[in-house]
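Notes follow the structure.
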C-alpha cells in the first residue's frame, strides 16, 4: 500500500503551486493523495487560471467536501505521512492555530498537529503584521513547518515554471520524497 498524504488548498493566491505538486505526485506514483479544497480556493482557482476545478481534483486519488468535517482524513486513525496546505491563506493559518475546526481543512490540520504528524503550510500572503507573526510562532511551537514560497536564485531560474518547480521540490523534500530533479532537495 502506498503512503498517504493529505493535500489542502486554501484561498490564498498561488493555486499553481498546488496543481504542480499534485501533478508531480500523480506522475511519480509515490503517494496516495487525499485532497480538500476550501470554497475560497475554488474561487481563487477561477480568478487566477483557466483550469476547471475537475482538472485539479482529477490529479488526486480522493477528494473530500470541505463541509464534511468528520471525513476519514480528519481522524487521527487515518495514517498518513502528514499534510501540506499549498497555498495556505492567513485565514486558514489563524483558524488552525486557534483549533477552530469549522471546516475539514482546518480540522484535518489540527488533527495532524495533535497526532504529531508533519504539517507543512505554504503561507502565501504578504505583507505580514505582528498578529500574523504571533500566529506563525504559535504554529511553529506546535510543530508546523511554515514554508513561504520565497524563491532562491542559486539554480538560476529562467521561467515562472522554474520558480514553481523549485517550491514544489522544497515541499517534497519536507516529506522525504523525490524532487523534480530526481533527488530530495535540502
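Numbering (the numbering used here), first residue to last: 3 to 188. The beta carbon of each residue, even a glycine, is placed where N, CA and C say it ideally should be.
Taking 8 Å as the cut-off, does the region 97–112 touch the region 19–32 (at least 3 CB pairs, one atom from each stretch)?
no
Flag this pair as yes or no: are the beta carbons of residue 13 and residue 62 separated by less than 7 Å?
No.
Look up residue 78 in the DSSP assignment and give the residues it is bridged to.
Beta-bridge pairing links residue 78 to no other residue.
For the alpha helix (DSSP H) containing residue 83, name the first residue and the last one.
First-last for residue 83: undefined, no H or E at that position.
Using DSSP with H/G/I as helix, E/B as strand and the rest coil, what is residue 36?
strand
In this structure, how does DSSP classify residue 130 when only helix, strand and coil are distinguished?
Judged by DSSP in its simplified three-state form, residue 130 adopts coil rather than helix or strand.
Check whether residue 35 and residue 9 have beta carbons under 7 Å apart:
yes
Is the beta carbon of residue 23 closer than 7 Å to that of residue 88?
Yes, they are a contact pair.
Does the pairing of the region 81–100 with the region 124–132 give three or more beta-carbon distances under 8 Å?
yes
What did DSSP end up calling residue 123 once you bin it into helix, strand or coil?
strand
Can you tell me whether residue 3 is buried or exposed? The criterion is at least 16 other CB atoms within 10 Å of its CB, across all chains shown.
exposed
Spatial neighbours of residue 138 within its chain, please: CB distance less than 6 Å, with the 5 preceding and 5 following residues excluded, ordered by chain position.
148
Per DSSP, what kind of secondary structure is residue 8 in: helix, strand or coil?
Residue 8 falls in the strand class under three-state DSSP.
Taking all protein chains shown into account, do 16 or more other C-beta atoms lie within 10 angstroms of the C-beta of residue 20, making it buried, or fewer, making it exposed?
Buried is the call here.
Taking only three categories from DSSP, how would you classify residue 14?
Looking at residue 14 - three-state DSSP - the assignment turns out to be coil, as it is neither helix nor strand.
Under 6 Å Cβ to Cβ from residue 39, same chain only, skipping five residues before and after it: list those, please.
11
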